[in-house]
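Structure first, commentary second.
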Amino acid sequence: MKHVYPVRVYYEDTDMGGVVYHANYLKFIERARSDWVRKLGNDQNAMRDAGIVWVVRRIEADYLAAARFEDELVVETEMVSLSGARLTMSQLVRRGETEIFRAAVTAVCMNAQGKPVRLPAEIRALM
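Using our numbering, the letters of the sequence shown map in sequence onto residues 463 to 589.
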């Protein structure tokens, strides 16, 4: 199941050269992941209240082309694998058919003490 999240590039997203500043792609894909998890029915506030949070463990990123002010982008998020405490996703930022940025993201569930914990069964069922 692919989740699609729209992003418009604002002036604040760009650098002195008028292109999207490299770190902002991480913000774009974070927003898309949060929206995807929310739309699946996973209440991250309830998870946190239960002492479990998602933490990004690893991101492997490729910058493929430049995005500019006023571009309309989409972030596509797909689950690659789910096991124990780990969720791996593929995320792609596009402008039309042009691939702009690609990332492989691994997130893990952690408890309040910073230890990995198994993803609760009710949340696993949503994915």
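All C-beta atoms, glycine included, are put in the ideal place defined by N, C-alpha and C.
With 16 other Cβ atoms within 10 Å as the buried cut-off, status of residue i
| i | result |
| --- | --- |
| Q575 | exposed |
| T560 | exposed |
| R495 | buried |
| D533 | buried |
| R466 | In the sequence under discussion, the amino acid at residue 466 is Val, which differs from the Arg named in the question. Counting Cβ neighbours within 10 Å, V466 comes out exposed, since fewer than 16 surround it. |
7 Å CB neighbourhood of residue i in its chain, flanking five on each side removed
| i | result |
| --- | --- |
| A529 | V471, V481, V482, L535, R557, I562 |
| L588 | L502, G503, N504 |
| A565 | I491, I521, E522, A523, Q553 |
| H484 | Y525 |
Residues near residue i in its chain [Cβ-Cβ closer than 6 Å; skip 5 each side]
| i | result |
| --- | --- |
| E540 | K464, S552 |
| P468 | V536 |
| W516 | A569 |
| R510 | none |
| L549 | A569 |
Distance between beta carbons of residue j and residue i, contact taken as under 8 Å
| i | j | result |
| --- | --- | --- |
| F490 | V537 | 6 Å |
| L519 | V579 | In the sequence as displayed, the identity of residue 519 is Arg instead of Leu. So it is not a contact: roughly 13 Å between Cβ atoms. |
| Y487 | V542 | Actually they do not touch by this definition, with Cβ atoms about 19 Å apart. |
| L581 | A547 | 6 Å |
Spatial neighbours of residue i in its chain, beta-carbon cut-off 8 Å, leaving aside the 5 residues before and after
| i | result |
| --- | --- |
| R586 | L544 |
| F531 | V471, Y472, Y473, D475, T476, G480 |
| R500 | Q506 |
| R639 | Limits of the chain in this structure are 463 at one end and 589 at the other, which puts residue 639 out of reach. |
Bridge partners - residue i, DSSP secondary structure assignment
| i | result |
| --- | --- |
| H465 | T539 |
| D524 | R564 |
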